[in-house]
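S.K.: Before we start, here is the structure in question, set down as structure tokens.
Protein chains in written order, with our numbering: chain A, 402 to 499; chain B, 89 to 459.
Dropping the structure here:
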């Protein structure tokens, strides 16, 4: 079980609470988690990563075990603490603007 | 008794304002989609409780919301707008070619007859359509084939912001793009031709015969006269009486012919409204006086409508999608400002009141007349 924490705006869009528990088949990578998340909540498609290129949207960031995973390869294995559910995977809206 | 519903899109959410036919007491619902930019909301003429809303965010991109109960509840529908085939390039500010990139939906125009069919005008400029109530969107690529490589963005981006349907001919559509111009289709949007003869844009288009590149801000039409069009261009107010084949200026005695919205009275096809703005670099009303100008002669002779509007120290703007009319017997007219006010007139513009004063900057206002 992987725990995903969504930013407030996306919680309202998906009508979920602060954490979303997900069963992710196979080796858990960012891409696999996002695939599972979008399959369960189709309204999130396009909001975290581009529909076509699958690239992370510019002002979205991923954090795992207090590390910024935003620039890691999408297919890199996530830390054990994430895959076991000990720690949540954080998806956050980056501080941006002026 | 008839009612009026205003769909107001703002920089930080949507608001729905409702009143009975007297239009004196208004109820305010919202913010819906708090924190998001709501570029445009519009109801289906064929099923007025079916609403479509363009919800965008710099963080999370484009979302499309649909309501089937007049805005009480909403459902996110398909938000994928993929250009047909290889998107190609258009002209960039420096004259080089730049890839077409989807940014947001500027305008939804539901079909006059089918609640599930909706046209969407997007940035970078293109026309999309859904035929299944928003479950999927397909580009109508014929438009971009009309010299699309020469289109370029205006200061606010290259958005397709105006879609007008001919109620007497479902195959005829008009669209306008900043800063590509105006176009007409005679086959339901499959193919297009520029309709810019008579437009003059001296400083950005030296070629008097240029078919594309004009910065058209808005086009309005009265449904009883579908070949008469009124246009607010970047500078100049114009009209056409031949479905856009030719245009002539009707700015007349306006204090400035720069502006964004233009609207037609619901029952008087020659009565039109604009909001003059000082200039393209000073996006506020001349002399700090917020004045709607009305022409009862289809242009050229204009009168200032000021009763109830601030006549000193007013420096708001009124954006192109932020003016709309209702269809009650005494035509109501409404507009929203970048200062967060929505003004309404229940007497065709003779007098105005602020329905709300302190919303986020208003991007769009659409009036629905409900029975």
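Ideal Cβ positions, reconstructed from N, Cα and C, are used throughout, including at glycine. In this text, all values refer to a predicted model and were calculated from it rather than measured experimentally.
1) Using Cβ-Cβ distances below 8 Å, what residues of the stretch 151 to 164 of chain B are close to chain A?
2) For residue 437/A, which three-state DSSP category applies?
3) Specify, as a first and last residue, the run of the alpha helix (DSSP H) that residue 268/B falls within.
4) For the stretch 406 to 424 of chain A, list every residue whose C-beta sits within 9 Å of some C-beta in chain D, in sequence order.
5) Using a Cβ-Cβ cut-off of less than 7 Å, list which residues of the stretch 172 to 196 of chain B approach chain A; keep chain order.
6) For the alpha helix (DSSP H) containing residue 462/B, name the first residue and the last one.
7) For residue 273/B, which residues of its own chain have a beta-carbon under 6 Å away from its beta-carbon, when the five flanking residues on both sides are left out?
8) Considering residue 451/B, what are the terminal residues of the beta strand (DSSP E) in which it resides?
9) For residue 390/B and residue 359/B, I'd like the C-alpha separation in whole angstroms.
10) Would you report the Cα separation of residue 308/B and residue 357/B, rounded to the nearest angstrom?
11) Measure from the C-beta of residue 253/B to each C-beta in chain A and report whether the shortest distance is under 9 Å.
12) Along the chain, where does the beta strand (DSSP E) that runs through residue 178/B open and close?
13) Tell me, to the nearest whole angstrom, how far the beta carbon of residue 496/B is from that of residue 114/B; I am working on the premise that it is less than 8 Å.
14) Just how far apart, CA to CA, sit residue 438/A and residue 256/B?
15) Pull up the distance between the alpha-carbon of residue 455/A and that of residue 393/B, whole angstroms please.
16) Using beta carbons (cut-off 9 Å, strictly below), is residue 146/B in contact with chain A?
17) At 9 Å on the CB atoms, spell out the chain A contacts of residue 168/B, in chain order.
18) Quick one: which chain A residues come within Cβ less than 7 Å of residue 123/B?
19) With a CB to CB cut of under 8 Å and the five nearest residues on each side skipped, what residues in its chain are close to residue 418/B?
20) Looking at residue 251/B and residue 215/B, is the spacing between their C-beta atoms short of 9 Å?
21) So the beta strand (DSSP E) residue 493/A belongs to, where does it begin and stop?
22) Between which two residues does the beta strand (DSSP E) holding residue 391/B run?
23) Does the distance from the C-beta atom of residue 176/B to that of residue 232/B stay below 9 Å?
24) Using DSSP with H/G/I as helix, E/B as strand and the rest coil, what is residue 482/A?
25) Would you please state the rounded distance, in angstroms, between the beta carbons of residue 464/A and residue 495/A? I believe it to be under 8 Å.
26) Identify the continuous beta strand (DSSP E) that holds residue 331/B and give its terminal residues.
27) Please identify the residue among 263/B, 448/B, 379/B and 135/B whose C-alpha is closest to the C-alpha of residue 102/B.
28) For the alpha helix (DSSP H) holding residue 412/A, just list the boundary residues, first then last.
29) Can you find a CB in chain A that lies within less than 9 Å of the CB of residue 101/B?
30) Taking residue 139/B as part of the beta strand (DSSP E), name the residues at either end of that continuous run.
31) In whole angstroms, what separates the C-alpha of residue 184/B from that of residue 137/B?
32) Mind reading off the beta-carbon distance from residue 286/B to residue 326/B? Whole number of angstroms is fine, and I expect it under 8 Å.
33) As an exercise, report each continuous alpha helix (DSSP H) stretch of at least 4 residues that is fully enclosed by the stretch 184 to 262 of chain B, in chain order.
34) Going by DSSP, name the residue or residues bridged to residue 120/B.
35) Check residue 424/A in the structure and name its three-state DSSP category.
36) State whether the stretch 140 to 156 of chain B contacts the stretch 186 to 206 of chain B, with contact taken as three or more CB pairs (one from each stretch) at a distance under 8 Å.
M.R.: Quick look at the numbers:
1) Answer in chain order: 151 and 164.
2) Helix.
3) Annotation for residue 268/B: no alpha helix (DSSP H) segment contains it, and DSSP assigns it neither H nor E.
4) In summary, chain D is missing from the structure at hand, where the protein chains are A and B.
5) Per Cβ criterion, the list is empty.
6) Absent from the model: residue 462/B. The displayed extent of chain B is 89 to 459, so no value can be given.
7) Counting only residues of its own chain and dropping the five nearest sequence neighbours on each side, residue 273/B has a CB closer than 6 Å to the CB of 261 and 280.
8) Taken as a continuous stretch (DSSP letters only), the beta strand (DSSP E) holding residue 451/B covers 450 to 458.
9) In a straight line, the C-alpha of residue 390/B is about 10 Å away from that of residue 359/B.
10) C-alpha separation (whole angstroms): 11 Å.
11) It does not; no Cβ of chain A falls within 9 Å.
12) From DSSP, the beta strand (DSSP E) with residue 178/B extends over 177 to 179.
13) This structure cannot speak to residue 496/B, because chain B is shown only from 89 to 459.
14) Their Cα atoms are separated by approximately 47 Å.
15) Computed Cα separation, rounded: 52 Å.
16) Chain A places a beta carbon closer than 9 Å to that of residue 146/B, counting this residue as a contact.
17) Simply 446, 447, 452 and 453.
18) Neighbours of residue 123/B on chain A, chain order: 410.
19) Apart from sequence neighbours up to five positions away, the residues of its chain that approach residue 418/B with a beta-carbon distance below 8 Å are 434, 435 and 436, ordered along the chain.
20) Taking 9 Å as the cut-off, the beta carbon of residue 215/B is found closer than this to the beta carbon of residue 251/B.
21) Its beta strand (DSSP E) spans residues 490 to 494.
22) 391 to 393 is the span of the beta strand (DSSP E), which, as asked, contains residue 391/B.
23) Taking 9 Å as the Cβ cut-off, residue 176/B and residue 232/B qualify as a contacting pair.
24) In the displayed model, residue 482/A falls within a helix according to three-state DSSP.
25) No, residue 464/A and residue 495/A are not in contact; Cβ-Cβ is about 11 Å, not under 8 Å.
26) In the DSSP assignment, residue 331/B falls outside any beta strand (DSSP E), carrying neither H nor E.
27) 448/B is the residue among 263/B, 448/B, 379/B and 135/B whose C-alpha sits nearest the C-alpha of residue 102/B.
28) Per DSSP, residue 412/A is one residue of the alpha helix (DSSP H) stretching across 409 to 415.
29) No, its Cβ sits nowhere closer than 9 Å to a Cβ of chain A.
30) DSSP places residue 139/B inside the beta strand (DSSP E), whose first and last residues are 139 to 145.
31) C-alpha separation (whole angstroms): 45 Å.
32) About 7 Å separates the two Cβ atoms, so the contact holds.
33) The stretch 184 to 262 of chain B contains no whole alpha helix (DSSP H) run of 4 or more residues.
34) As a beta-bridge residue in DSSP terms, residue 120/B pairs with 102/B.
35) DSSP places residue 424/A in coil when its eight states are reduced to three.
36) Taking 8 Å as the limit for Cβ pairs, the verdict is that the stretch 186 to 206 of chain B does touch the stretch 140 to 156 of chain B.
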